[in-house]
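In what follows, a structure is listed as structure tokens, so that the remarks can point back to it.
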Amino acid sequence: MTDVTETSIATQKIETSKQRQSRIIGVLLIVLALFVVFVFGLGLSGDATFRLSRPTDPFALPNLVVPAGPFTYVAAALLAFLGARELIRGGTRWTSLSLGFGLAILVFAFLVWATAGKSFSLTGMLQATVVRAMPIALGGLAGVLCERVAVVNIAIEGMLLAGAFTGALIGSLLGGWGGLVAAVLVGGAFGFILAALVVTYRMDQIVAGVVINLFVLGVTSYVSSQVFSELRQLNNAPVFRAVKIPLLGDLPVIGPMLFNQNIFVYGALILVTLATYYLFHTRSGLRARAVGEHPRAADTLGVNVYRTRYIHVTLGGMVAGFGGAWFTLGSVGRFDENMTGGRGFIGLAAMIFGRWHPVGALMAALVFGFADSLQQKLALLNTPIPSEFLSMAPYIATIIVVAGLIGRARPPAADGKPYVKE
1 MTDVTETSIA
11 TQKIETSKQR
21 QSRIIGVLLI
31 VLALFVVFVF
41 GLGLSGDATF
51 RLSRPTDPFA
61 LPNLVVPAGP
71 FTYVAAALLA
81 FLGARELIRG
91 GTRWTSLSLG
101 FGLAILVFAF
111 LVWATAGKSF
121 SLTGMLQATV
131 VRAMPIALGG
141 LAGVLCERVA
151 VVNIAIEGML
161 LAGAFTGALI
171 GSLLGGWGGL
181 VAAVLVGGAF
191 GFILAALVVT
201 YRMDQIVAGV
211 VINLFVLGVT
221 SYVSSQVFSE
231 LRQLNNAPVF
241 RAVKIPLLGD
251 LPVIGPMLFN
261 QNIFVYGALI
271 LVTLATYYLF
281 HTRSGLRARA
291 VGEHPRAADT
301 LGVNVYRTRY
311 IHVTLGGMVA
321 GFGGAWFTLG
331 SVGRFDENMT
341 GGRGFIGLAA
351 MIFGRWHPVG
361 ALMAALVFGF
371 ADSLQQKLAL
381 LNTPIPSEFL
391 SMAPYIATII
401 VVAGLIGRAR
411 PPAADGKPYV
421 KE
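In UniProt numbering, the protein residues as written are 1 to 422.
Structure (structure tokens):
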């Protein structure tokens, strides 16, 4: 009888929490509706023109022309409707969807406001979104591989930075492919070091990750300022150019987005597909997830918990090294101090937003990539917003996700807990 009562109380607490979250989101959506009306709508005139095709595209689509003023009020009305719906019917399973849809409306209303009376290449921004999302997606995938076996990898930022540095240095000496292979191996080496610290020596996982981040930042900053400044030929790596897939690359909008990219975009999509299949459709993936959920039970069934964690954390480091190489071999061809700019931490947020699933992490990375490309594209439109505020866009998106405003996710049950074999 006591167990039934406790279960009933727990269920009521969950429902109360859902209703509270729904009311908060409802109020937020209504506030956003008022914000759209009074900030974006008042005095707004002209049409916002979004170009869907480029002059060189074989299949041209007409431009998307949106009357800026009327659309702003329509967007505000939709936001108010979603907010009122959450206040009236709080606690439903559609709460997160309402918030996501509301934020999408807000973003598009912002784009219309910024582009009013101007022309804007929507296809170009979406292509840049995919490109800028890739290091975040690879960082998120590295986190998924580690945390699915209950190892928290705070060192993703350092692994990305090490991959970028190695890619530039070895790429300058041996060419692009040599630099790419070296970046993957160095990332794997740091993954192995992290595994040794937290699995064998049971060091605090957060502290171990911070140590690796600080070590990589210190070494790369010193070499960049003291060595690369004198020997510039060591920091002049080739860049992998975009490879257009025949026929698919000529498709409107999605062709430039997905089928006219460099090796890092294609590699990230392939890795996400392989990781999803491995984790959720193979016996080895099931064992890995069992180690993350209940390592003692997995050990009892004959799974080597230590070896499983070593393998997956090392693989996560290799994925992060590959993602780090994007910054140099896939972008500018040279290394700059701390050039990853916190993308490893944003990758962790993408992993949480994606609920520890490779595809979810990729989708979340696209959100962050969109915020990143948005601030750069809007700078070209001469919007009245200071550039410093535009640069904050990807980090604001990170705060929103980590704060749990788009729904909370449950990590693997043993995540962050050391395992001691009896």
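Ideal Cβ positions, reconstructed from N, Cα and C, are used throughout, including at glycine.
Predicted, not measured: the structure shown is a model, and the values here were computed from it.
Status (buried if at least 16 other CB within 10 Å, exposed otherwise) for residue i
i           : result
ALA183      : buried
residue 428 : It is not possible to answer for residue 428, since the shown part of the chain is limited to 1 through 422.
LEU42       : exposed
GLY46       : exposed
ARG307      : exposed
VAL319      : buried
GLY143      : buried
PHE228      : buried
PRO384      : exposed
ASN382      : exposed
GLY302      : exposed
LYS417      : exposed
LYS421      : exposed
ALA379      : exposed
THR300      : exposed
THR282      : exposed
SER225      : exposed
ALA297      : exposed
GLY209      : buried
VAL31       : exposed
GLU230      : exposed
Euclidean distance between Cα positions of residue i and residue j
i      : j      : result
PHE40  : LEU78  : 15 Å
GLY176 : GLY347 : 25 Å
VAL66  : ILE105 : 14 Å
MET1   : LEU126 : Legend: pLDDT at MET1 = 49, less than 50; position of this residue unreliable, no value from coordinates given.
LEU197 : ALA114 : 49 Å
ALA290 : ILE206 : 22 Å
MET159 : LEU97  : 34 Å
GLY124 : ASN63  : 13 Å
ALA414 : PHE389 : 39 Å
VAL219 : ALA150 : 29 Å
ALA137 : MET351 : 8 Å
PRO256 : PRO70  : 31 Å
LEU279 : LEU169 : 34 Å
GLY354 : ALA116 : 34 Å
SER331 : PHE264 : 10 Å
LEU173 : THR328 : 14 Å
PHE81  : ALA275 : 39 Å
PHE240 : ARG132 : 15 Å
GLY83  : MET392 : 26 Å
TYR277 : VAL243 : 26 Å
GLN19  : LEU28  : 14 Å
ALA33  : LEU103 : 11 Å
HIS312 : MET363 : 22 Å
PHE335 : TYR222 : 12 Å
LEU185 : THR340 : 18 Å
Strand pairing of residue i, partner residues [DSSP]
i      : result
THR49  : VAL65 and SER119
LYS244 : ASN260
Integer-rounded CB distance, given that residue j should sit under 8 Å from residue i
i      : j      : result
VAL199 : TYR73  : That belief does not hold up - the Cβ atoms of VAL199 and TYR73 are roughly 57 Å apart, past 8 Å.
PHE50  : PHE120 : 5 Å
ASN236 : GLY333 : 7 Å
GLY324 : GLY163 : 2 Å
PRO412 : TRP326 : No, PRO412 and TRP326 are not in contact; Cβ-Cβ is about 27 Å, not under 8 Å.
PHE59  : PRO252 : 5 Å
ALA109 : VAL36  : 5 Å
GLY369 : VAL130 : 7 Å
VAL272 : LEU145 : Their Cβ separation, rounded to whole angstroms, is 11 Å, which puts VAL272 and LEU145 out of contact at 8 Å.
LEU161 : LEU217 : 6 Å
GLY285 : PHE322 : GLY285 to PHE322, Cβ: 20 Å. No contact.
LEU194 : GLY317 : 7 Å
THR314 : PHE192 : 5 Å
LEU87  : ARG23  : 6 Å
GLY179 : GLY167 : 4 Å
PRO295 : TYR419 : 5 Å
ALA48  : VAL107 : Wrong, their Cβ atoms sit about 13 Å apart, outside the cutoff.
LEU44  : ALA68  : 5 Å
Cβ-heavy atom distance, residue i to the ligand COA, below 7 Å
i      : result
SER229 : With respect to the ligand COA, the structure offers nothing, as it holds no ligand at all.
Fill in: 3-residue-minimum beta strand (DSSP E) runs that sit fully inside the stretch 135 to 162, ordered along the chain
none
Practice prompt. Output the residue ranges of the alpha helix (DSSP H) runs that lie fully inside the stretch 278 to 326 and measure 4 residues or longer, sorted by chain position.
Written response: 283 to 293 and 295 to 300
Practice prompt. Within the stretch 351 to 392, note down every full alpha helix (DSSP H) run reaching 4 residues or more, in order along the chain.
Written response: 358 to 380 and 387 to 391
Worksheet item: What residue ranges within the stretch 171 to 221 form continuous alpha helix (DSSP H) runs of no fewer than 4 residues, ordered along the chain?
Response: You should have 176 to 195.
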